[in-house]
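First comes the structure, then the notes that go with it.
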Amino acid sequence: MEVMRHLYFMLFLEGIAQQQLMKAVPQANVGFSKAMSAGWIYIEKKNGMTLAFRKVDNIIDEVQNNLLKLQKSRENEVSQQIKLELKKRKLLQEVKIKSYKIGKGPDFTTSHIKQETDLTPEMIFSSSWKEKTFKPYNFNALGIAPDCGHRHPLMKVKNEFREIFLAMGFSEMATNNYVESSFWNFDALFQPQQHPARDQHDTFFVSDPQSALDFPMDYLERVKQVHSVGGYGSQGYQCDWKLDEAKKNLLRTHTTAVSARMLYALAQQEKFTPTKYFSIDKVFRNETLDATHLAEFHQIEGVIADYGLTLGDLIGTLHQFFNKLGITKLRFKPAYNPYTEPSMEIFSYHEGLKKWVEIGNSGMFRPEMLLPMGLPDNVSVIAWGLSLERPTMIKYKIDNIRELVGHKVNLNMVYSNPICRIEK
1 MEVMRHLYFM LFLEGIAQQQ LMKAVPQANV GFSKAMSAGW IYIEKKNGMT LAFRKVDNII
61 DEVQNNLLKL QKSRENEVSQ QIKLELKKRK LLQEVKIKSY KIGKGPDFTT SHIKQETDLT
121 PEMIFSSSWK EKTFKPYNFN ALGIAPDCGH RHPLMKVKNE FREIFLAMGF SEMATNNYVE
181 SSFWNFDALF QPQQHPARDQ HDTFFVSDPQ SALDFPMDYL ERVKQVHSVG GYGSQGYQCD
241 WKLDEAKKNL LRTHTTAVSA RMLYALAQQE KFTPTKYFSI DKVFRNETLD ATHLAEFHQI
301 EGVIADYGLT LGDLIGTLHQ FFNKLGITKL RFKPAYNPYT EPSMEIFSYH EGLKKWVEIG
361 NSGMFRPEML LPMGLPDNVS VIAWGLSLER PTMIKYKIDN IRELVGHKVN LNMVYSNPIC
421 RIEK
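By the UniProt record's numbering, the letter at position 383 of the sequence shown is numbered 383, and the numbering carries on one by one without gaps.
Have a look at this one:
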């Protein structure tokens, strides 16, 4: 506005060149068009020059007048369009003022009456509740969180796997013996005594008691025979088999030791009955600890014993089992295990990583393992296993296994993690 006034008073009766006016007044470009539209000045070309002249003798500052009207609460005299223009020019600001009218309500009192929060038996017996004022219930309040235990994510996923096995008709094996003899952990599985996995670098051996004493001796002799000189159509390992090595106690390295005990007990029955077993429990290995490996972890194992089972039965069962986990894309790769032949590694396509990842191991137990137990010749046993920690980490999006197990676990994660639901 000051630029417009300055421009107006710079003009003489005979006019002034527009170019000269622009140089004489700072920010003239801003005010010149405004003064033209307000009808204060006009331009005219003479002798090849553009001259600016006064159009009125006196100027009226409409902007100032409108602002004064608004200041005096006469906003009805100012059009909405002018108000919007003043807001754009930041000359006008709209401020909302809230006011409150306070008065006496229906419950107004000058004395304080304590409101009761609980209806007690004494109030009911004495009928004093009729004279009491009760505080209204707030049904939107969260209330006090119950002080109770919380299931660890591993236990939630374990329960889901257990439900899948039970739905498929499997029976759960007793796995409460963490300490196992080398005989059941290795020898009964046709794993040679010279195998590197039996070395202390991979196994935790127990110092007290150092040795196991109770064995089914007739079965032990058959295992010794098939290891050292062969039998049941096998050449064995043709090596010296030592009883002292088989007696060594250790922390079991796999739950397949439990499967061996169960299959031996099955073989002692008068008549063989086709059976399906499963187990989910801890195993122990002398591993180097890192983001994906523990020395103590859980193994999931499934075992089926029946007449005439083939590799096709194993593959079909694996598809059925993993389909219940929501895993539909499977591949199988030949592998080696001392106690299974053929053996297969199980791979699944990971949509997030866009590649195939190993998710388990499987195979058919060797005759050298089954026949010394006393199982019939035409009985086959298929089995597979995987860890519990890896699917739990995937389910709950945990990258470091030490955030799932150990002294660094965040207890809030245990308290707040959701219920595990696997698509079955």
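We put the CB at the ideal spot given by N, CA and C, even for glycine.
Please name the residue in the options whose C-alpha comes closest to that of residue i.
i: I346; options: G352, S279, L375 and L386; result: L386
i: H227; options: Y339, T255, S181 and L166; result: Y339
i: A257; options: T273, L243 and V283; result: V283
i: Y237; options: W129, I113, G363 and Q191; result: Q191
i: N412; options: I401, R151, G48 and K87; result: R151
i: N177; options: G169, K96 and A212; result: A212
i: L220; options: P196, E245 and D199; result: E245
i: R198; options: D208, E180 and M168; result: E180
i: D202; options: F165, T109, F186 and V223; result: F186
i: A305; options: F332, G105 and M364; result: M364
i: M168; options: M262, Y100 and Q320; result: Q320
i: E341; options: G316, L266 and S380; result: S380
Less than 8 Å between the CB atoms is what I'm expecting for residue i and residue j, so what's the real figure, rounded?
i: I327; j: H298; result: Their Cβ separation, rounded to whole angstroms, is 18 Å, which puts I327 and H298 out of contact at 8 Å.
i: K135; j: T117; result: 5 Å
i: L318; j: L309; result: About 13 Å; that fails the 8 Å criterion.
i: A383; j: V303; result: 5 Å
i: F170; j: Y336; result: With a Cβ gap of about 26 Å, F170 and Y336 do not count as contacting.
i: I248; j: F205; result: It is worth fixing the name first, because residue 248 is Lys in this sequence and not Ile. Contact holds; Cβ gap of about 6 Å.
i: Q194; j: C148; result: At roughly 52 Å, the Cβ-Cβ gap does not stay under 8 Å, so Q194 and C148 are not in contact.
i: N417; j: A291; result: About 19 Å separates the two Cβ atoms, so there is no contact after all.
Note down, in chain order, each residue of its chain lying with its Cβ closer than 7 Å to the Cβ of residue i, except the 5 sequence neighbours on either side.
i: H260; result: Here residue 260 is Ala; the residue named in the question, His, does not match the sequence. Same-chain partners within the cutoff: W184, A188 and L189.
i: F215; result: F183
i: K83; result: L92
i: T392; result: P153, L154, V157 and L404
i: G360; result: I346, W384, G385 and L386
i: K224; result: W241
i: N378; result: Y307 and G308
Just curious, the alpha helix (DSSP H) that residue i is in, first and last residue?
i: I82; result: Q80 to K88
i: L70; result: E62 to Q71
i: F204; result: Run containing F204: none; DSSP gives neither H nor E here.
i: N159; result: P153 to A167
i: P334; result: Counting along the chain, P334 falls outside any alpha helix (DSSP H), though it belongs to the beta strand (DSSP E) covering L330 to N337.
i: F125; result: P121 to S126
DSSP three-state call for residue i: helix, strand or coil?
i: Y264; result: helix
i: K299; result: In the sequence as presented, Lys is not what sits at residue 299; that position holds Gln. If DSSP states are grouped into helix, strand and coil, Q299 belongs with the strands.
i: D281; result: strand
i: M173; result: coil
i: K424; result: Confidence is the limiting factor: at K424 the pLDDT is only 49, short of 50, which leaves the residue's position unreliable and the question unanswerable from this model.
i: T288; result: coil
i: E351; result: coil
i: S259; result: helix
i: W384; result: strand
i: A246; result: helix
i: D187; result: helix
i: E77; result: helix
i: V409; result: coil
i: K276; result: strand
i: I346; result: strand
i: I394; result: helix
i: E94; result: coil
i: V379; result: strand
i: I327; result: coil
i: E131; result: helix
i: E270; result: coil
i: L251; result: strand
i: Y415; result: helix
i: I401; result: helix
i: K104; result: coil
i: S228; result: helix
i: K45; result: strand
i: Y137; result: coil
Give the range of the beta strand (DSSP E) segment to which residue i is assigned.
i: M364; result: K355 to F365
i: H319; result: Note, H319: premise wrong, no beta strand (DSSP E); alpha helix (DSSP H) at L311 to N323.
i: residue 425; result: Residue 425 lies beyond the residue range present for the chain, which begins at 1 and ends at 424; the question has no answer from this structure.
i: S181; result: V179 to S181
Short of 8 Å in beta carbon distance, which residues of its chain neighbour residue i, apart from the five on each side in sequence? Order them along the chain.
i: L388; result: L154, V157, K158, F161, I280, F297, H298, Q299 and I300
i: Y232; result: V226, P367, E368, L371 and P372
Give every residue of the same chain whose Cβ lies closer than 6 Å to the Cβ of residue i, excluding the five residues on either side of it in the sequence, and list them in chain order.
i: H350; result: V357
i: E287; result: H293 and A295
i: G230; result: G236
i: K424; result: Its pLDDT being 49, under 50, K424 is placed unreliably in this model, and the value from its coordinates should be taken loosely. For K424, where only same-chain residues beyond five positions count, the Cβ hits under 6 Å are K324.
Is there a C-beta anywhere in chain D that falls below 9 Å from the one on residue i?
i: L404; result: Absent from the structure: chain D. Only one protein chain is present.
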